[in-house]
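full-length UniProt numbering applies: residue 1 is where the sequence shown begins, and numbers increase by one.
Shown next, in structure tokens, is the structure this report addresses.
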Amino acid sequence: MLARHWSETWWWLALLDQVPAVPLLAAPLLLAFLAARRRKGGWVIWNLGAALAFAVFQAGAVLPRAEPLPGGSPLTLLTLNTGFASAPPAALAALVARERADVVTLQEGLDRAGQARAYEVALRRAFPGWTVVRHDELLTLTRLPLLGSRTVTFPNTPHSVLLARLRAAGQEVTVVNTHLPTLGLRPGASDRALGRTLPQRVEHQLTARREFPGVMSRLLGQESGPLLLAGDLNAPPRGQLHRELGALGLRDAFSQAGHWFGLTHHARAPYARPDYVWLRGAQAEDVQALPDFLSDHRALVVRLRLPPAPEDGALPDEAPP
Numbered sequence: 001m002l003a004r005h006w007s008e009t010w011w012w013l014a015l016l017d018q019v020p021a022v023p024l025l026a027a028p029l030l031l032a033f034l035a036a037r038r039r040k041g042g043w044v045i046w047n048l049g050a051a052l053a054f055a056v057f058q059a060g061a062v063l064p065r066a067e068p069l070p071g072g073s074p075l076t077l078l079t080l081n082t083g084f085a086s087a088p089p090a091a092l093a094a095l096v097a098r099e100r101a102d103v104v105t106l107q108e109g110l111d112r113a114g115q116a117r118a119y120e121v122a123l124r125r126a127f128p129g130w131t132v133v134r135h136d137e138l139l140t141l142t143r144l145p146l147l148g149s150r151t152v153t154f155p156n157t158p159h160s161v162l163l164a165r166l167r168a169a170g171q172e173v174t175v176v177n178t179h180l181p182t183l184g185l186r187p188g189a190s191d192r193a194l195g196r197t198l199p200q201r202v203e204h205q206l207t208a209r210r211e212f213p214g215v216m217s218r219l220l221g222q223e224s225g226p227l228l229l230a231g232d233l234n235a236p237p238r239g240q241l242h243r244e245l246g247a248l249g250l251r252d253a254f255s256q257a258g259h260w261f262g263l264t265h266h267a268r269a270p271y272a273r274p275d276y277v278w279l280r281g282a283q284a285e286d287v288q289a290l291p292d293f294l295s296d297h298r299a300l301v302v303r304l305r306l307p308p309a310p311e312d313g314a315l316p317d318e319a320p321p
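Printed below as a string of structure tokens:
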């Protein structure tokens, strides 16, 4: 409950909120197993119930359910943190082709020396016929017509979002790509130079995270039509940031159409869900964390449906990025 309301406000609660919840499920499950061995049925049921409640309300599990498929025009989006450009462009292109994605959003599209150009060039070669737009570590690729792109920088930090306007199903669709910072548990070069303590490092990183809902609120007011927010938010599906984005009218695609946990990090032994796609004016049909190992994250693919285009909605001429 505290994390739901103040995990982006108090530095110590922000740290507590980052503790992966999924591994903690082992405790009630182990107790249920031990109770079963001792043939204590009541304790088995109690511990299994506790595990289920913890999985849903704390770990963010989405239980399987039967829902009517949404109507409208299909669109598939794939998002991936490339792990400092470690995802091979050719393998990424093969994955995108297999999933038949229309839009790809990438984060950490630069090497550890901070160089991004070489990876961008390799991506352009691997995705012939696609449009690629980049700002710093963020890259958005699409096979759909690009109407324009721009960068929106946060008010008091250098963090930003990369916005691309696409033509899809006869209407304008806005795709927002972003990567929010982690909490600075390990000091960076600037932290060491400034002598920042752990609380100071966490507060410094929380500044950008606190600004993000305001940035999105302004974008939602400026951009009409369907809007898709994708990226690595470095936030669990139970905290203050998740609640604030929902309050803006955005809907977590995995909560709409995913199943179980949707874990994307770490790729080889996933325990957290920091990667998201949020929707306004669109409906998720299916959401999966893919099993492929391309970086330290797993790719998240979202199949969604766009509403019918407005009959009188004239689109502007296609413009270069």
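We put the beta carbon where it would ideally sit given N, CA and C, even for glycine.
Just tell me which of the options has its CA closest to the CA of residue i.
i	options	result
Leu228	Pro181, His242, Gly71 and Leu163	Leu163
residue 346	Gly258, Gly221 and Ala272	This structure leaves residue 346 out entirely; the chain is present only between 1 and 321.
Ser149	Arg165, Pro155, Gly109 and Thr142	Arg165
Leu75	Gln240, Asn177, Gly249 and Gly170	Gly170
Arg303	Leu294, Pro274, Thr197 and Leu290	Leu290
Leu95	Val301, Arg305 and Gln200	Val301
Gly259	Ala55, Leu78 and Ala26	The sequence shown places His at residue 259, rather than the Gly named in the question. Here the closest residue by C-alpha is Ala55.
Leu306	Ala14, Asp252, Arg280 and Leu16	Arg280
Thr197	Leu206, Asp275, Ser224 and Leu185	Leu185
Val133	Ala113, Gly114 and Val161	Val161
Asp111	Ala97, Glu137 and Gly60	Glu137
Phe261	Leu52, Ala14, Ala32 and Arg201	Leu52
Ala97	Glu120, Ala122, Trp130 and Ala116	Trp130
Glu311	Glu172, Phe212 and Pro181	Glu172
Ala101	Gln115, Leu78, Ala91 and Thr9	Leu78
Asn234	Ala35, His135, Ala269 and Leu80	Leu80
Thr207	Pro181, Glu120, Tyr276 and Ala269	Pro181
Gln256	Ala267, Trp278 and Pro270	Trp278
Thr105	His179, Arg201, Leu15 and Leu13	His179
Arg125	Thr151, Leu30, Leu34 and Ala91	Ala91
Tyr276	Gly41, Asp292, Gln107 and Ala32	Gln107
Asp232	Asp296, Val202, Pro199 and Leu29	Asp296
Asp252	Phe293, Val152 and Gly60	Gly60
Pro64	Ala230, Phe293, Phe254 and Leu15	Phe254
Asp17	Val202, Leu294, Ala230 and Gly246	Val202
Pro274	Leu183, Gly225 and Asp292	Leu183
So if DSSP puts residue i in a beta bridge, which residue, or which two residues, is it bridged to?
i	result
Gln288	Val301
Leu185	Looking at the DSSP assignment, Leu185 forms no beta bridge with any residue, so it has no partner.
Asp275	Asp232
Leu80	Leu106
Arg150	Leu163
Val175	Ala164 and Leu228
Ser73	Leu306
His265	Ala272 and His297
Gln283	Arg305
Asp252	Trp278
Thr142	Val103 and Thr131
Val62	Trp260
What does the alpha-carbon distance come out to for the pair residue i and residue j?
i	j	result
Phe127	Ala93	6 Å
Ala309	Val175	17 Å
Pro89	Val62	32 Å
Ala319	Ala50	Note that Ala319 scores a pLDDT of 44, beneath 50, so its modelled location is shaky; the value from the coordinates is reported in the next line. Rounded to whole angstroms, Ala319 to Ala50 spans 55 Å at the Cα level.
His159	Arg210	12 Å
Gly83	Gly109	8 Å
Leu250	Gln288	19 Å
Pro236	Leu194	29 Å
Trp6	Glu244	11 Å
Ala118	Glu223	32 Å
Leu147	Arg167	7 Å
Asn156	Leu248	21 Å
Gly221	Phe212	14 Å
Ala299	Arg38	42 Å
Asn177	Glu99	19 Å
Ser86	Val121	14 Å
His204	Trp10	12 Å
Pro321	His266	Residue confidence for Pro321 is low, a pLDDT of 44 falling below 50, so the modelled location carries little weight; the figure read from the coordinates is stated next. Pro321 and His266: Cα-Cα distance of roughly 33 Å.
Pro199	Val103	38 Å
Cβ of residue i within 7 Å of any heavy atom in the ligand ATP?
i	result
Gly249	This structure does not include the ligand ATP; it has no bound ligands of any sort.
Segment contact, 8 Å Cβ cut-off, at least three pairs: the stretch 204–221 with the stretch 22–37: no
Cβ contact (3+ pairs, closer than 8 Å) linking the stretch 279–287 and the stretch 52–72: Contact between the stretch 279–287 and the stretch 52–72 is present, because at least three Cβ pairs lie under 8 Å.
Contact the stretch 185–204 vs the stretch 233–241: 3+ CB pairs below 8 Å: no
Whole runs of the beta strand (DSSP E) within the stretch 83–136, excluding any shorter than 3 residues: Correct list: 103–107 and 131–135.
Segment contact, 8 Å Cβ cut-off, at least three pairs: the stretch 39–57 with the stretch 130–147: no
Within the stretch 3–60, ranges of the alpha helix (DSSP H) (whole runs, at least 4 residues): 11–17, 26–37 and 41–57
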